[in-house]
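Colleague:
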Amino acid sequence: MSTSPTLLVLGAGPGLGMSVARRFGKEGYQVGLVSRSADRHPGYLNDLRTSGVRATAVAADVRAPGELRRATDEIRAELGPIDVVYHGPGADNPAAAPIGILEAGPDDVRAAAAQVVDPAVELAGLVLPDMRERGSGAIVYVSGLSAVVPLPFLGPFAPASAALRTYALTLAEAAAPDGVHVGSLVIGGLIDRGDIHRLLTAGHGHAGGDRAVDADDDDNLVGTPGSDLPPGAVLDPDDLADSVWRLATGAEREVVANAMGL
Numbered sequence: 079m080s081t082s083p084t085l086l087v088l089g090a091g092p093g094l095g096m097s098v099a100r101r102f103g104k105e106g107y108q109v110g111l112v113s114r115s116a117d118r119h120p121g122y123l124n125d126l127r128t129s130g131v132r133a134t135a136v137a138a139d140v141r142a143p144g145e146l147r148r149a150t151d152e153i154r155a156e157l158g159p160i161d162v163v164y165h166g167p168g169a170d171n172p173a174a175a176p177i178g179i180l181e182a183g184p185d186d187v188r189a190a191a192a193q194v195v196d197p198a199v200e201l202a203g204l205v206l207p208d209m210r211e212r213g214s215g216a217i218v219y220v221s222g223l224s225a226v227v228p229l230p231f232l233g234p235f236a237p238a239s240a241a242l243r244t245y246a247l248t249l250a251e252a253a254a255p256d257g258v259h260v261g262s263l264v265i266g267g268l269i270d271r272g273d274i275h276r277l278l279t280a281g282h283g284h285a286g287g288d289r290a291v292d293a294d295d296d297d298n299l300v301g302t303p304g305s306d307l308p309p310g311a312v313l314d315p316d317d318l319a320d321s322v323w324r325l326a327t328g329a330e331r332e333v334v335a336n337a338m339g340l
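Under my numbering, think of the first position of the sequence shown as 79, with each following residue one higher.
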């Protein structure tokens with residue numbers, strides 16, 4: 079078994095997910111990638127291995143019962159104990175527009191919370207006990223700008239995103255005495271090279287269209303693609319990966335990356 083530390087990437091997409099994998103790989107980490115589909119895994123693994131990074135990949139929908147536990151177990155079996163987790167899974171269809179907050183009912187809010195918050199809480203239960211026992215480790219949770227700025231067009235996903243951020247910050251306070259860092263990365267903008275950025279630059283305009291993208295990266299947490307986002311609201315995933323590194327090492331507890339001018 080390797081003695082190198084292990085990074086688990088939940089939400090391995092071509093934008094931020096892979097930038098985070100490369101950033102930690104440069105620091106000597108081996109990398110476990112998790113996304114819903116295995117279609118892009120060979121390319122991701124070849125990218126990392128070409129740079130000398132030991133990596134493995136697992137296909138799993140972390141919101142489905144038992145899938146997050148299966149994925150973490152498989153990564154542990156291959157790479158050993160998990161030292162850092164980047165939690166940035168995406169939506170099924172980033173081109174689908176959510177209902178507005180005025181139309182959202184209790185069931186809509188509960189459903190959004192189940193999609194956004196439940197996997198985050200389950201993750202903590204799976205990895206925090208070992209981290210606390212070792213006295214080291216980190217989890218970085220990603221939320222969208224609606225966690226800190228009111229964005230009515232995001233409807234039920236706005237309070238869900240805020241709940242995720244609050245959970246991360248509260249967990250950070252509780253885990254700090256045990257030497258475990260929990261960080262909050264709030265993203266406001268499109269992520270260059272990510273799935274939604276690709277969707278827009280390919281000419282598929284406003285959300286609500288009928289073209290679904292296999293979005294495993296977290297850029298879909300930002301908001302609805304299309305005219306709701308100002309021109310130029312694009313973030314460099316490599317810069318964001320540096321933020322993830324700072325959060326994981328405890329240099330910062332929260333980073334808000336806001337390219338939207340809100």
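By construction, the Cβ of each residue, glycine as well, lies at the ideal position given by its N, Cα and C atoms.
In the DSSP assignment, find the unbroken beta strand (DSSP E) run with residue 113 in it and report its ends.
Modeller: Element bounds for residue 113: 108-113.
Colleague: Within 10 angstroms of the Cβ of residue 185, are there 16 or more other Cβ atoms? Answer buried if so, exposed if not.
Modeller: Residue 185 is exposed by the Cβ-count criterion.
Colleague: Under the three-state reduction of DSSP, which class applies to residue 150: helix, strand or coil?
Modeller: In this structure, residue 150 counts as helix in the three-state DSSP scheme.
Colleague: What residue range does the beta strand (DSSP E) around residue 134 cover?
Modeller: Element bounds for residue 134: 133-137.
Colleague: Determine, for residue 184, whether the minimum Cβ-Cβ distance to residues of chain D falls below 8 angstroms.
Modeller: The structure shown contains no chain D; it is built from a single protein chain.
Colleague: On the three-pair Cβ rule with 8 angstroms, is the stretch 192-207 touching the stretch 100-117?
Modeller: Taking 8 angstroms as the limit for Cβ pairs, the verdict is that the stretch 100-117 does not touch the stretch 192-207.
Colleague: Going by beta carbon distance, what residues of the same chain come within less than 7 angstroms of residue 147, once the five residues before and after it are set aside?
Modeller: Counting only Cβ-Cβ distances below 7 angstroms, and skipping sequence neighbours, we find 204.
Colleague: Would you call the stretch 98-106 in contact with the stretch 134-147, where contact means no fewer than 3 C-beta pairs closer than 8 angstroms?
Modeller: They do not touch, by the three-pair rule.
Colleague: At the level of alpha carbons, what is the spacing between residue 100 and residue 229?
Modeller: Distance between the alpha carbons of residue 100 and residue 229 is about 32 angstroms.
Colleague: Put residue 221 into one of helix, strand or coil per three-state DSSP.
Modeller: Three-state DSSP puts residue 221 in a strand.
Colleague: Under 8 angstroms by Cβ, that's how I've got residue 334 and residue 220 pegged, so tell me the actual separation to the nearest angstrom.
Modeller: 12 angstroms between Cβ atoms; not a contact.
Colleague: Which stretch, first to last residue, makes up the beta strand (DSSP E) that contains residue 261?
Modeller: It spans 259-266 - the beta strand (DSSP E) in which residue 261 sits, taken as one unbroken run.
Colleague: Using CA coordinates, which residue listed in 176, 166 and 96 is at the minimum distance from residue 141?
Modeller: If we check each option's Cα against that of residue 141, 166 comes out closest.
Colleague: For the alpha helix (DSSP H) that residue 325 lies in, which residues bound it at each end?
Modeller: Taken as a continuous stretch (DSSP letters only), the alpha helix (DSSP H) holding residue 325 covers 315-326.
Colleague: Between the C-alpha atoms of residue 313 and residue 320, what's the straight-line distance to the nearest angstrom?
Modeller: Approximately 12 angstroms between the Cα atoms of the pair.
Colleague: Name, in chain order, the residues that DSSP records as bridge partners for residue 162.
Modeller: Paired residues: 85 and 216.
Colleague: Nearest CA to the CA of residue 178: which residue from 263, 241, 323 and 236?
Modeller: Per the Cα distances, 236.
Colleague: By DSSP, does residue 335 sit in helix, in strand, or in coil?
Modeller: Residue 335: strand per DSSP, three-state reduction.
Colleague: Among the candidates 168, 176 and 252, whose CA atom is the shortest distance from the CA of residue 197?
Modeller: Taking only the C-alpha atoms, the option nearest residue 197 is 168.
Colleague: Which of helix, strand or coil does DSSP assign to residue 181?
Modeller: Three-state result, residue 181: coil.
Colleague: Does DSSP put residue 297 in a helix, in a strand, or in coil?
Modeller: Legend: pLDDT at residue 297 = 47, less than 50; position of this residue unreliable, no value from coordinates given.
Colleague: Looking at residue 157 and residue 80, is the spacing between their C-beta atoms short of 8 angstroms?
Modeller: Yes, the pair counts as a contact, with Cβ atoms nearer than the cut-off.
Colleague: Thinking just about the alpha-carbon of each residue, which of 145, 154 and 139 is nearest to the one in residue 109?
Modeller: It is 154.
Colleague: Assuming residue 161 contacts residue 83 (C-beta within less than 8 angstroms), just tell me the rounded distance between them.
Modeller: Residue 161 to residue 83, Cβ: 4 angstroms. Contact.
Colleague: Would you kindly work out how many angstroms separate the C-alpha atoms of residue 125 and residue 138, rounded to a whole number?
Modeller: For residue 125 and residue 138, the distance between alpha carbons rounds to 21 angstroms.
Colleague: Which residue's Cα is closest to the Cα of residue 120: 91, 98, 143 and 144?
Modeller: For the residues 91, 98, 143 and 144, the minimum Cα distance to residue 120 belongs to 91.
Colleague: Are the beta-carbon atoms belonging to residue 260 and residue 249 less than 8 angstroms from one another?
Modeller: Closer than 8 angstroms, so yes.
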